[in-house]
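This report concerns only the one structure given below.
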Amino acid sequence: MLFKVRREAINTLTVTVALVLIVTLALYLRLKFVFTIDHPPLKGFSSDAVNYDLMARQFLDKGFLGYMSSRPNAYITRAIPCSWL
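The numbers in the working numbering rise by one with no breaks, and the one at position 50 of the sequence shown is 40.
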């Protein structure tokens, strides 16, 4: 034989292709769910849920985080509060 292919190389390639296909399918299904299904408005939930939904929509539409505002007023805090240290 001119070409000898190791069994480990074939298994690694097979696993890699399978993982790429699974991740691609998962991403496709998630994006399809987000963009094609009509999500009902948040009625009957707490006001925080409604306001967070409005803030997320405002971020997607206008590009800034603002909590019930027309200008940026929400800031990202550190991952660990000082009281935990």
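We put the CB at the ideal spot given by N, CA and C, even for glycine.
Please check the pair residue i and residue j, which I expect to be a contact at CB under 8 angstroms, by giving their CB distance rounded to whole angstroms.
| i | j | result |
| --- | --- | --- |
| G110 | N63 | The displayed coordinates of the chain run from -9 to 75. Any statement about residue 110 would go beyond what the structure contains. |
Would you kindly work out how many angstroms separate the C-alpha atoms of residue i and residue j, rounded to a whole number?
| i | j | result |
| --- | --- | --- |
| T14 | V24 | 16 angstroms |
| Y18 | L9 | 14 angstroms |
| T4 | M45 | 44 angstroms |
| D51 | T2 | 43 angstroms |
| Y42 | T6 | 39 angstroms |
| S60 | K22 | 30 angstroms |
| L11 | D28 | 27 angstroms |
| R20 | V40 | 23 angstroms |
| T26 | R47 | 16 angstroms |
Check whether chain D comes within 8 angstroms of residue i, counting only Cβ atoms and requiring the distance to be less than that.
| i | result |
| --- | --- |
| A8 | Protein chains in the displayed structure number just one, and chain D is not present. |
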